[in-house]
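Colleague: Quick note: the sequence shown, position 58, residue 58 per full-length UniProt numbering, numbers continuous.
Beta carbons are placed, not taken as given, at the ideal position from N, Cα and C, and that holds for glycine.
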Amino acid sequence: MNPNHEFFSELARLLNSGQSRSVVLCGNIYDLLWDGSNYVPLNSFLFQKTKTSGLIQLVYELNGPIRTDEAALMKLRGAWVEWKSGVDANLLALQDLQQKGSKLEFYQAEFDRHMRDATGNPTLALELLRQLTICSRAALRENLLIIIEAADMLLPEAGNLAALNDRQLHRISIVHDWFGDPEFAEGSDSVCLLAESRSLIHSRISRMPQVLSVDVPAPSLEHREGYVKHFLENKTPAPKLWSTPRALAECTAGLSIQALRQMLAGAAYSGDSLTVDRVFDKVEEYIRTQLGDDVVEFKKPSHTLQDVVGFSDLKDFLHRELIPRFKAKGSKALPGAAVAGAIGSGKTFIFEAVAAELDLPVLVLKNIRSQWFGQTDVIFERLRRVLDALDKVVIFVDEADTQFGSVDANAHETERRLTGKIQAMMSDRQLRGRVLWLLMTARIHLLSPDIRRPGRVGDLIIPVLDPVGEDRLAFIRWLLGAVEFEVEEGPTVEQQVQELDQSVLAPDYSAAAFASLRSLLAALEPKTWEEVRAAIHDQIPPEIGATREYQTLQALLNCTRRSLLPDPDVTDEVREDWRKRIQQLELQGVR
Numbered sequence: 001m002n003p004n005h006e007f008f009s010e011l012a013r014l015l016n017s018g019q020s021r022s023v024v025l026c027g028n029i030y031d032l033l034w035d036g037s038n039y040v041p042l043n044s045f046l047f048q049k050t051k052t053s054g055l056i057q058l059v060y061e062l063n064g065p066i067r068t069d070e071a072a073l074m075k076l077r078g079a080w081v082e083w084k085s086g087v088d089a090n091l092l093a094l095q096d097l098q099q100k101g102s103k104l105e106f107y108q109a110e111f112d113r114h115m116r117d118a119t120g121n122p123t124l125a126l127e128l129l130r131q132l133t134i135c136s137r138a139a140l141r142e143n144l145l146i147i148i149e150a151a152d153m154l155l156p157e158a159g160n161l162a163a164l165n166d167r168q169l170h171r172i173s174i175v176h177d178w179f180g181d182p183e184f185a186e187g188s189d190s191v192c193l194l195a196e197s198r199s200l201i202h203s204r205i206s207r208m209p210q211v212l213s214v215d216v217p218a219p220s221l222e223h224r225e226g227y228v229k230h231f232l233e234n235k236t237p238a239p240k241l242w243s244t245p246r247a248l249a250e251c252t253a254g255l256s257i258q259a260l261r262q263m264l265a266g267a268a269y270s271g272d273s274l275t276v277d278r279v280f281d282k283v284e285e286y287i288r289t290q291l292g293d294d295v296v297e298f299k300k301p302s303h304t305l306q307d308v309v310g311f312s313d314l315k316d317f318l319h320r321e322l323i324p325r326f327k328a329k330g331s332k333a334l335p336g337a338a339v340a341g342a343i344g345s346g347k348t349f350i351f352e353a354v355a356a357e358l359d360l361p362v363l364v365l366k367n368i369r370s371q372w373f374g375q376t377d378v379i380f381e382r383l384r385r386v387l388d389a390l391d392k393v394v395i396f397v398d399e400a401d402t403q404f405g406s407v408d409a410n411a412h413e414t415e416r417r418l419t420g421k422i423q424a425m426m427s428d429r430q431l432r433g434r435v436l437w438l439l440m441t442a443r444i445h446l447l448s449p450d451i452r453r454p455g456r457v458g459d460l461i462i463p464v465l466d467p468v469g470e471d472r473l474a475f476i477r478w479l480l481g482a483v484e485f486e487v488e489e490g491p492t493v494e495q496q497v498q499e500l501d502q503s504v505l506a507p508d509y510s511a512a513a514f515a516s517l518r519s520l521l522a523a524l525e526p527k528t529w530e531e532v533r534a535a536i537h538d539q540i541p542p543e544i545g546a547t548r549e550y551q552t553l554q555a556l557l558n559c560t561r562r563s564l565l566p567d568p569d570v571t572d573e574v575r576e577d578w579r580k581r582i583q584q585l586e587l588q589g590v591r
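1) With contact counted as at least three CB pairs below 8 Å, one residue from each stretch, are the region 274-294 and the region 312-328 in contact?
2) Helix or strand or just coil, what does DSSP make of I536?
3) What number of angstroms, rounded off, separates the C-alpha of H230 from the C-alpha of S270?
4) Verify whether the separation of the beta carbon atoms of A267 and P301 is less than 8 Å.
5) What does a CB cutoff of less than 8 Å around D152 pick up in its chain, not counting 5 residues either side in sequence?
6) Alpha helix (DSSP H) containing L128: first to last residue?
7) Three Cβ pairs or more, each shorter than 8 Å: is that satisfied between the region 518-531 and the region 489-505?
8) What separation, rounded to the nearest whole angstrom, lies between the Cα atoms of G180 and Q210?
9) Does DSSP put E157 in a helix, in a strand, or in coil?
10) Which of helix, strand or coil does DSSP assign to F396?
11) Which two residues bound the contiguous beta strand (DSSP E) that contains F298?
12) Taking the straight line between their C-alpha atoms, what separation do you get for L161 and H176?
13) Would you mind sorting D466 into buried or exposed? The rule is 16 or more other CB atoms within 10 Å of its CB.
14) Identify every run of the alpha helix (DSSP H) within the region 184-222, keeping only runs that are complete inside it and at least 4 residues long; order them along the chain.
15) Whose CA, out of A337, G254, N43, L58, lies closest to the CA of I462?
16) Throw me the rounded Cβ distance for the D398 and L447 pair, which I believe falls under 8 Å.
17) Going by Cα to Cα distance, which pick from Q554, M440, W80, Q588 is closest to E576?
18) Using 8 Å as the threshold, is the region 163-174 in touch with the region 215-230, meaning 3 or more CB pairs across them?
19) Please return the same chain residues whose Cβ sits closer than 7 Å to the Cβ of L556, not counting the five positions on each side in sequence.
20) If you follow the alpha helix (DSSP H) that N43 is part of, which residue opens it and which one closes it?
21) Can you give me the start and stop residues for the alpha helix (DSSP H) that G27 sits inside?
22) Does the separation of the CB atoms of E183 and R137 fall below 8 Å?
23) Ignore the nearest five residues each way along the sequence and tell me which others in A118's own chain have a CB closer than 6 Å to its CB.
24) Give me the Cα-Cα distance between D567 and S427, rounded to the nearest whole angstrom.
25) Per DSSP, what kind of secondary structure is N143 in: helix, strand or coil?
26) What distance in whole Å lies between the Cβ atoms of V296 and K366, which are believed to be in contact at a cut-off of 8 Å?
27) Going residue by residue through the region 300-354, where are the continuous alpha helix (DSSP H) segments of at least 4 residues, counting only ones entirely within it?
28) Kindly indicate which three-state DSSP category Y550 falls into: helix, strand or coil?
29) Identify the continuous beta strand (DSSP E) that holds Y269 and give its terminal residues.
30) Report buried or exposed for M74, applying the criterion of at least 16 other Cβ atoms within 10 angstroms of its Cβ.
31) How many Å lie between D313 and K392 at the Cα?
32) Identify whether R561 lies in helix, strand or coil by the three-state DSSP scheme.
33) Report the option in Y107, L390, H170, V59 whose CA atom is closest to the CA atom of P156.
34) Between which two residues does the alpha helix (DSSP H) containing Q57 stretch?
35) Please report how far the alpha carbon of A513 lies from the alpha carbon of Q496, in whole angstroms.
36) Quick check on this structure: which residue in E61, L255, S22, L431 has the alpha carbon closest to the alpha carbon of G187?
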């Protein structure tokens, strides 16, 4: 089973219809593809799939020659002579039979010299290819299909023309004139530029309306299964699988065929059986390699909601609504959720536990903004290809207000474009139920309104608040669980809990503060109740109360579920009081 490649059908449609004569093939261009008889690189795939009568194929490799077959080369040489001389090459040969140094020989030698000089000289190669399309319109009976590899290195985007050298500027000028020529655009010759990303090709070329693009996607489940079967049938000894080729294909979502080949070849050589854990490790390694360790990491939370102290109402909501809707597909699924709350409220710990409960791959998005011009778009495109390939995944973003910029006029163009793409991805129906967004932020008001709207994570904005009532008492009991008294005397445990709750601990004690205090007690190992009280009394909270109050009010104000508020019957008057208090804090410089 080796299904067709839809991107090739799209490319053929653009070229056959004449909609475009210059197409950028981008995306998964360094992978292996099935050409009907074998798995080959993209340029070989295109060469094989476009073989047809009346079409001459040319492939230009960076720092290599212009390649074609011998029969095509003879036709091109003859057309060149005819174009240059203005006379049919056969008639010219008859006229020059008795002459030394004939025009026929001169123009043939000129053509051969140009072909030789083009090897290792990209500027000359591009100019020759442009000249060949002019020659084709004048004297060739066939059409040309020109495939140009590494277009992003030939015509690099550098942010401004001053950053390019003279040869690069010359090449950009050649291609711009070439693709902008109305006769070329209306002709029958075609050019395919191969580059990982359209954004890596200089904008003078990539933004031309005549230039369209076709994305080569990551291999689908059917393509991966087809390759596994092909490898098993043709490799001796074959690698040992723990299950069926289909199961392996399902576990390798996100891998390229090249990466899949490496994994299978390694297993065949070692003789060790491939296990699920080994496969997942390979997938994680590959995705990190593609996106970069500073952009994404895989998280495997070791704790679940059972390990989360307190937050009884919130945990009930997560079990009752959030997790089932995250596991659902289609219209029942949530695109994601934003989690708001003051610093130290426990947002990340709680929702790492949610991710563990879902038993799905968790990608932690750390930084998709690159310092290098153009690389941000490339990173995003790689991320999109990975997400398209994975069956279902959680994207976990901490401090989301700083990760995603704004789309207003004051933002940098790259930031606006990136944020716009992220927003579109969140509401993409093709990804709904497959890509689950969990955005953590202490500053929910700074998260773009376009991200907070319904249809994106605005479907569900969850406040995480400091523990109160029974939840606070549960934290205090957990806190005291770190202490072992030497002598069983003094107040009972419940009396200790009540004393800490009512007389010792501040009323706005956060989950992080409880965790910090528990760690301190475990380290000090107090032996008596008085030592415990002394250790707690010695703690002075940092002066961040106003900031935490401000962040808590913003979380309450942006919450999208009444049932998640301390008072589900909150009135408009109370909400207006929150707004007024926020304004008062802002006047004091709190943000």
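Modeller: On the basis of the coordinates in this document:
1) no
2) The count along the sequence shown starts at 1 and reaches residue 536 at position 536. If DSSP states are grouped into helix, strand and coil, I536 belongs with the helices.
3) As a first step, residue 230 must be located in the sequence shown, where it is residue number 230. As a first step, residue 270 must be located in the sequence shown, where it is residue number 270. Taking the straight line from one Cα to the other gives about 19 Å.
4) Residue 267 sits at position 267 when you count from the first residue of the sequence shown. Residue 301 sits at position 301 when you count from the first residue of the sequence shown. Against a cut-off of 8 Å, the Cβ pair of P301 and A267 comes out as no contact.
5) Translated into positions along the sequence shown, residue 152 becomes position 152. Closer than 8 Å at the Cβ level, and outside the excluded window around D152, lie A195, E196, S197, L200, I201.
6) Indexing the sequence shown from 1 puts residue 128 at position 128. It spans 122-139 - the alpha helix (DSSP H) in which L128 sits, taken as one unbroken run.
7) yes
8) The residue given as residue 180 occupies position 180 in the sequence shown. The residue given as residue 210 occupies position 210 in the sequence shown. Distance between the alpha carbons of G180 and Q210: 7 Å.
9) Translated into positions along the sequence shown, residue 157 becomes position 157. Here E157 sits in coil by DSSP.
10) For the purposes of this step, residue 396 is taken as the residue at position 396 of the sequence shown. Three-state DSSP puts F396 in a strand.
11) Mapped onto the sequence shown, residue 298 falls at position 298. Note, F298: beta strand (DSSP E), 296-299.
12) Taking the sequence shown and counting its residues from 1, one reaches residue 161 at position 161. Taking the sequence shown and counting its residues from 1, one reaches residue 176 at position 176. Rounded to the nearest angstrom, the two C-alpha atoms are 14 Å apart.
13) Residue mapping note: residue 466 aligns to position 466 of the sequence shown, counting from 1. Classification for D466: buried.
14) 203-206
15) Within the sequence shown, the letter at position 462 stands for residue 462. Nearest C-alpha to I462: A337.
16) As a first step, residue 398 must be located in the sequence shown, where it is residue number 398. As a first step, residue 447 must be located in the sequence shown, where it is residue number 447. Incorrect: roughly 13 Å between the Cβ atoms, too far for contact.
17) By 1-based counting over the sequence shown, the position of residue 576 is 576. Selected option, being the one with the closest Cα: Q554.
18) no
19) The sequence position of residue 556 within the sequence shown is 556, counting from 1. Closer than 7 Å at Cβ, skipping near neighbours: P463, L565, W578.
20) Counted from its first residue, the sequence shown places residue 43 at position 43. It spans 42-49 - the alpha helix (DSSP H) in which N43 sits, taken as one unbroken run.
21) To locate residue 27, count along the sequence shown from 1; it is residue 27. Element bounds for G27: not the alpha helix (DSSP H) but the beta strand (DSSP E), 22-27.
22) As a first step, residue 183 is located in the sequence shown; it is residue number 183 there, counting from the start. As a first step, residue 137 is located in the sequence shown; it is residue number 137 there, counting from the start. Yes; because the gap between Cβ atoms is below 8 Å, this pair is in contact.
23) Stepping through the sequence shown from its first residue, residue 118 is reached at position 118. I66, L124, A125, L128.
24) Locating residue 567 in the sequence shown gives position 567, where the first residue counts as 1. Locating residue 427 in the sequence shown gives position 427, where the first residue counts as 1. The straight-line gap from Cα to Cα measures roughly 31 Å.
25) Within the sequence shown, numbered from 1, the residue matching residue 143 stands at position 143. Reduced to three states, the DSSP call for N143 is strand.
26) Your numbering for residue 366 matches position 366 in the sequence shown. Your numbering for residue 296 matches position 296 in the sequence shown. Confirmed, Cβ separation roughly 6 Å.
27) 312-317, 323-327
28) Start at 1 with the first residue of the sequence shown, and residue 550 comes out as number 550. DSSP places Y550 in helix when its eight states are reduced to three.
29) Here residue 269 refers to the residue found at position 269 of the sequence shown. Y269 -> not in any beta strand (DSSP E); alpha helix (DSSP H) instead, spanning 257-270.
30) Stepping through the sequence shown from its first residue, residue 74 is reached at position 74. M74 is exposed by the Cβ-count criterion.
31) Translated into the one-based positions of the sequence shown, residue 313 becomes position 313. Translated into the one-based positions of the sequence shown, residue 392 becomes position 392. Rounded to whole angstroms, D313 to K392 spans 27 Å at the Cα level.
32) Numbered from its first residue, the sequence shown carries residue 561 at position 561. Of the three classes helix, strand and coil, the one that applies to R561 here is coil, per DSSP.
33) Counting from one through the sequence shown, the residue named residue 156 turns up at place 156. Of Y107, L390, H170, V59, the residue nearest in Cα terms is H170.
34) Within the sequence shown, residue 57 is the residue found at index 57, counting from 1. No alpha helix (DSSP H) holds Q57; the beta strand (DSSP E) holding it covers 55-60.
35) The residue you call residue 513 lines up with position 513 of the sequence shown. The residue you call residue 496 lines up with position 496 of the sequence shown. Roughly 18 Å between the two C-alpha positions.
36) By 1-based counting over the sequence shown, the position of residue 187 is 187. Of the listed residues, the one whose Cα sits closest to G187 is S22.
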